[in-house]
Amino acid sequence: MLNATLRILRKFDLLVIAVLFLLLAPIISMDRSIDFMIFCIFVLAYDLLYGYMGRLSFGHMLYLGVGAYAFALSGEYLSGNAFLALLIAVSSGAAIGLILGPVVVRTTGACFALINLALNQLGFFLILVAFSHWTGGEDGMSASFKKIWIFNFSNRTIVFCFTFVCLLLVIFLVRRLTNSLFGILLRGIKENETRVKFLGYDTFAIKMAAFILSTTLSAFAGALFIINYSYVTTSFIDPLRSVEVIFASLIGGAGSVYGALVGGVSYKLISNYLPNYIQRWEMFLGVILLLLVFKFRSGVWGYVVDFINRYERPAGESKSHSEVSR
Amino acid sequence: MLLSVDRINVFYGSARVLSEISLHARHGEVVSIVGRNGAGKSTMLKTIAGFLRPLSGGIKFDGEEISGRPPDQVARLGVRYVFQDKRVFTKLTVRENIELAAYAAKVRLIDAIDLVAQVYPNISMFLASKAGGLSGGQRQLLLIGRAIVGSPRLLLVDEPTEGLAAGAIEEVLKALELLRDEVSMVIVEQNLSVVSRFADRVYCMKEGHIAAELSDPADVQNQAYLETYL
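Chains S and E are the protein sequences, given in the same order. Heads up: the first sequence begins at 0 in numbering that gives the first Met the number 0, then just goes up one per residue. Heads up: the second sequence begins at 0 in numbering that gives the first Met the number 0, then just goes up one per residue.
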């Protein structure tokens with residue numbers, strides 16, 4: 000019975016996800032669910048690097064911020080067309096990935112994490128101080144766009160529907176990519192890059208593609224945040240906020256599209272509702288992180304998968320196959 | 000000449016690990032490298048495969064200079080490395096492990112699986128299993144099978160029987176036996192019975208240089224004689 004249900008759920012997973020997000024809106028409010036969906040896009044973008052390729056970044060807010068500011072600035076200085084601004088934001092995300100990638104993707108481990116943090120810090124101060132004349136510095140700037148056909152982004156229902164469609168498209172794209180050879184290569188690089196090279200692959204090109212894809216989707220999420228809030232401030236590029244996406248990845252379970260969605264929604268639920276009950280709610284996040292590190296390394300979704308695998312494995316089948324024994 | 004290594008010197012930092020090494024392998028030949036732990040056998044294979052760059056000397060593969068080329072370029076020329084320690088991608092499924100090799104070699108997955116099945120007949124039972132769940136012997140068979148996808152011209156095999164039980168060693172040796180007429184091999188091995196069974200020629204390494212080259216079949220098959228070089 001469970002097996003049949005799981006097969007159906009797997010087959011129509013995008014539909015199931017869509018229904019769950021639609022059900023979320025009346026429960027937590029439309030505004031919050033828009034915020035949740037955009038954050039999930041950001042977590043999906045982040046998870047491409049962290050979950051699939053094994054590169055932990057401490058400065059991913061830079062790429063979100065680039066998209067957010069590119070979107071707002073093009074609205075302010077170029078045109079009031081939100082779609083043109085969105086195109087510019089996404090292109091900016093790809094461009095920054097292309098420019099920084101050759102340096103960033105050559106590094107691994109702590110170096111990768113810290114180089115992203117350093118670049119994020121640099122970007123933050125450029126926006127805050129050097130370009131404050133255009134960006135509004137600490138005060139930020141508002142962003143408003145004219146109505147194009149049915150797309151009036153001052154209407155919350157339109158923003159909700161637009162974000163909803165964007166989320167489903169991003170899920171579809173990321174799922175297709177991670178289920179393809181590209182995804183296998185990323186997981187291979189995560190496990191041992193040298194061995195992937197010995198098979199004849201140019202791993203630099205693969206890592207560049209993943210990095211650019213991640214920065215582009217992050218910038219896309221940044222632009223969607225500005226559609227939702229209609230203003231941009233330095234909080235959208237603040238390196239301290241990179242911890243949010245890291246937490247979300249860890250809570251949900253890295254290296255899985257579903258894990259990223261579970262993590263994104265869980266983190267947002269905690270950060271939206273816990274402050275109502277616990278004043279210093281961030282301490283609770285610290286406790287969760289400790290639990291994740293010591294007890295639940297594969298996150299919530301990882302444990303769901305483990306449970307399903309245990310249930311699906313026929314009785315008597317051993318974990319290791321040993322007709323050739325060691 | 001398929002592989003020709005000419006007086007290479009390799010360093011780990013300031014320590015010289017390979018000193019004036021020269022060796023060669025002809026088309027269809029199985030060459031074995033023996034020596035004690037730390038003699039530089041695996042370093043030799045890693046240098047040929049492009050993982051380490053020699054400070055001086057040259058390596059030619061089928062007449063083409065490959066010394067200092069990155070591992071992916073060397074692999075694309077038809078040189079495959081079967082790792083020591085049965086290092087498959089443990090978190091990928093067996094099918095995905097083969098798929099990586101198949102795409103790199105521009106071979107259809109189904110054909111690649113058939114190729115692997117030549118050396119690992121039960122492979123189809125485990126295609127959906129995580130490779131990390133395979134036993135040591137199964138992993139070694141998968142590695143050898145994966146390495147022959149795309150008809151390579153040279154296999155570099157690093158300690159294929161190390162850490163395996165007798166039954167598993169026999170399975171691995173059968174797999175190598177099947178391949179010996181199809182592909183040239185350079186096998187690093189400490190198990191002298193394996194060496195005398197497979198090798199056409201043997202290089203004995205000691206402290207980073209070649210101490211002897213044995214090409215007389217009587218010498219190669221004489222385990223007691225080989226042991227004097229360990």
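Glycine is no exception: its CB is placed at the ideal position from the N, C-alpha and C atoms.
**Request:** Please say whether S/Val256 and S/Arg174 have beta carbons closer to each other than 8 Å?
**Result:** yes
**Item:** Three or more C-beta pairs below 8 Å linking the segment 40-54 of chain E and the segment 64-72 of chain E
**Value:** yes
**Prompt:** Would you say S/Gly315 faces chain E, with C-beta separation under 8 Å as the test?
**Reply:** For S/Gly315, the predicted model reports a pLDDT of 45, less than 50, meaning its position is unreliable; a value from the coordinates is still stated below. No, no contact with chain E.
**Message:** Considering just the uninterrupted stretch of the alpha helix (DSSP H) at E/Ala210, what are its terminal residues?
**Reply:** That residue, E/Ala210, is in no alpha helix (DSSP H); its beta strand (DSSP E) goes His208 to Leu213.
**Request:** Could you tell me the boundaries of the alpha helix (DSSP H) in which S/His132 lies?
**Result:** Ser131 to Thr134
**Request:** Go through its chain and collect everything with a Cβ distance to E/His26's Cβ below 7 Å, but skip five positions before and after it.
**Result:** Leu1 and Ser183
**Asked** Using Cβ-Cβ distances below 8 Å, what residues of the segment 80-99 of chain E are close to chain S?
**Response** Tyr80, Phe82, Arg86, Phe88, Thr89, Lys90, Leu91, Glu95, Glu98 and Leu99
**Message:** Along the segment 242-264 of chain S, where does the CB come closer than 8 Å to a CB of chain E? Name the residues.
**Reply:** none
**Message:** Using the Cβ count rule (16 or more neighbours within 10 Å means buried), how would you classify S/Ala112?
**Reply:** buried
**Prompt:** Using the rule of at least 16 other Cβ atoms within 10 Å of the residue's Cβ for burial, across every protein chain shown, is E/Gln222 buried or exposed?
**Reply:** exposed
**Asked** Is there at least one Cβ from chain E nearer than 8 Å to S/Ile205's Cβ?
**Response** no
**Prompt:** Which residue comes first and which comes last in the alpha helix (DSSP H) that contains E/Val219?
**Reply:** Pro216 to Val219
**Asked** Would you call the segment 25-42 of chain S and the segment 219-233 of chain S touching, i.e. three or more CB-CB distances under 8 Å?
**Response** yes
**Request:** Quick one: list the residues of chain S neighbouring E/Tyr234, beta-carbon separation under 7 Å, in chain order.
**Result:** This structure gives no information on residue 234 of chain E, because the portion of chain E shown stretches from 0 to 229.
**Request:** In the DSSP assignment, find the unbroken alpha helix (DSSP H) run with S/Lys146 in it and report its ends.
**Result:** First-last for S/Lys146: undefined, no H or E at that position.
**Message:** Any beta carbon of chain E sitting closer than 8 Å to that of S/Phe152?
**Reply:** no
**Request:** Look at the Cβ atom of E/Ile209, then the Cβ atom of E/Leu54, and state whether they are nearer than 8 Å.
**Result:** no
**Item:** Candidates S/Val104, S/Ala84, S/Pro25 and S/Gly74, of which the one nearest S/Ser213 by Cα
**Value:** S/Val104
**Message:** Threshold first: 4 residues or longer. Then list the alpha helix (DSSP H) segments lying entirely within the segment 145-174 of chain E, N to C.
**Reply:** none
**Request:** Take the Cβ of S/Ser143 as the centre, count every other Cβ of all protein chains shown within 10 Å, and call the residue buried at 16 or more, exposed below.
**Result:** exposed
**Prompt:** What do you reckon, are the CB atoms on E/Arg145 and E/Asn96 nearer than 8 Å?
**Reply:** yes
**Asked** Are S/Gly135 and S/Gly64 close, meaning C-beta to C-beta below 8 Å?
**Response** no
**Beta carbon proximity, S/Leu273 to chain E, threshold 8 Å** = no
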